[in-house]
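Asks: After the structure tokens below, expect a handful of questions from me.
In mature numbering (1 follows the signal peptide of the UniProt record, and there is no 0), the protein residues as written are -19 to -1, 1 to 479.
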């Protein structure tokens, strides 16, 4: 201690003698305080070491009296009683649903046309009250009940059969009541062809995890779920966007901040008012990085929610089919458990949802071991929909596994940014190399409205001039390309080439 005090005094003297007082003032102040501290400690140390008698009352107060406080502060705090985890009852058994619910629907059915001898690929037709859906088929996404930049008539002319509308957005605006007053989604949009609506859960949980199903990045790669942990709370909403309870999901409107409670019953009631041909039950969508304990809880909750949704649906079927959504992430045991339970209930079709892997390779691997289980018993007589994935490469990987329909906003989204799909890959029309592509169509084999009337040079100009018609023309081409591709895949299956 004395040696340390000596060196500190020497350093203090050198600082004073240096002549750089303005620059060394903070250091000098530190040295003075340190000297005082060392002097005090040295005095106490000397007193304790040299004296064999008990310290005086004054010394006890200054030196030792703080020990009880230290012990008090280090004593373990009385911990709050940990909340016991809530144990929920198992989801309903099949016997809890009415017998008539297991009978075939006269307004909805899947018709198998041809099963490939080379793979699990199959060609079929889904019969709905508003028309037939050829499968494998592409499903365009009309987020707010409208395709981005494309009139429904143009999409229909491009071969579009089934349209996907988002309940979450329609719930916020214009509201299901207005759509019901208009006579349902078909009359409201003046489109008398098949519609499918989701539960709204995807958009709600995207607020918590990021875009769980946002499968394509700007580089055309599959995205992984962005959140490594939950961003929603299960007790208080606070600043978080979503609060999840057994009752449902509470979220704030992105338009005005108003709170909405989405429950299995309320989402079905909303979809009844919207009136789509195919509806989806409420499910929870955990992110890719969710740990297994949380994933098990999520799958169990999803089963309870989907069973509640189904019961609500069966109270008033009104010529709508309901698909279940199989969950479990990339966990084989949980996926199998989810499929086995949901297949035992009277759903009309299967959706494959949740986290579908960290890239196309993992998605392909998931489908390789999962899809054979859809061939068992009555499962083979129901349609299968891959939720949120519909880029060309993923479709070509999934069709041989037995997937029937795919939905994604991918074709219209990339079209808005000047990217079009061709048989030779993606083309960026905004690239300067197209400025003089006179007479060159987007795709030589394409028969869409855009390719029949405009060349790449003119489309390049429209995008560079920020003309809105450019977005529409590119999106029309991409939708036509997707439907033409699906037609080609069906032909390949019919001839057992896939």
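By construction, the Cβ of each residue, glycine as well, lies at the ideal position given by its N, Cα and C atoms. All values reported here derive from a predicted model rather than from experimental measurement.
#1: To which residues of the same chain is residue 109 closer than 8 Å at the C-beta, ignoring the five residues directly before and after it?
#2: Answer yes if the stretch 98 to 109 comes into contact with the stretch 123 to 140, meaning at least three C-beta pairs across the two stretches below 8 Å, and no otherwise.
#3: Assign residue 390 to one of three DSSP states: helix, strand, or coil.
#4: Classify residue 441 as buried or exposed, calling it buried when 16 or more other Cβ atoms lie within 10 Å of its own Cβ.
#5: Whole angstroms are fine: how far does the CA of residue 233 sit from the CA of residue 240?
#6: Between 393, 356, 402, which has its C-alpha nearest residue 383's C-alpha?
#7: Given a threshold of 16 other Cβ atoms within 10 Å of its Cβ, counted over all protein chains shown, does residue 146 qualify as buried or as exposed?
#8: Quick one: is residue 27 buried, meaning 16 or more other Cβ sit within 10 Å of its Cβ, or exposed?
#9: Report all residues from its chain with a CB closer than 8 Å to the CB of residue 477; omit the five preceding and five following residues, and keep chain order.
#10: If the criterion is Cβ atoms closer than 8 Å, does the pair residue 153 and residue 160 meet it?
#11: Going by C-alpha to C-alpha distance, which of 178, 132, 433 sits closest to residue 149?
#12: With DSSP as the reference, please indicate the residues paired to residue 332 in a beta bridge.
#13: Report the rounded CA-to-CA distance for residue 401 versus residue 297, giving the unit in angstroms.
#14: Taking the alpha helix (DSSP H) that residue 450 falls in, what are its first and last residues?
#15: Given residue 78, which residues of its chain have a CB within under 8 Å of its CB, disregarding the five upstream and five downstream residues?
#16: How many angstroms separate the CA atom of residue 434 from the CA atom of residue 340?
#17: Rounded to whole angstroms, what's the CA-CA distance from residue 304 to residue 346? Just pull it up for me.
#18: At which residues does the alpha helix (DSSP H) containing residue 169 begin and terminate?
#19: Going along the chain, which residues of its own chain have a beta-carbon closer than 8 Å to the beta-carbon of residue 284, five neighbours each way excluded?
#20: Based on the DSSP secondary-structure assignment, which residues constitute the bridge partners of residue 240?
#21: CA-CA distance, residue 519 and residue 236?
#22: Quick one, which of 76, 390, 437, 128 has its alpha-carbon nearest residue 412's?
#23: Would residue 270 pass as a contact of residue 307 if the rule is Cβ separation under 8 Å?
#24: Does the stretch 411 to 427 come close enough to the stretch 388 to 395 that 3 or more CB-CB pairs lie under 8 Å?
Replies: Here's the rundown:
#1: 88, 89, 175, 258, 259, 302
#2: no
#3: coil
#4: buried
#5: 4 Å
#6: 356
#7: buried
#8: Note that residue 27 has pLDDT 46, beneath the 50 cutoff, so the model's placement of it is unreliable and the number below is only indicative. The Cβ neighbour count for residue 27, taken over all protein chains shown within 10 Å, is under 16; the residue is labelled exposed.
#9: 97, 98, 99
#10: no
#11: 178
#12: 306, 366
#13: Between residue 401 and residue 297, the C-alpha separation is close to 43 Å.
#14: 449 to 475 is the span of the alpha helix (DSSP H), which, as asked, contains residue 450.
#15: 291, 292, 295, 326, 327
#16: Cα to Cα, the separation comes out at about 37 Å.
#17: 23 Å
#18: 166 to 170
#19: 72, 319, 322, 323
#20: Note: residue 240 sits in a beta bridge opposite 233.
#21: Residue coverage of the chain in this structure runs from -19 to 479, which leaves residue 519 outside it and unanswerable.
#22: 437
#23: no
#24: no
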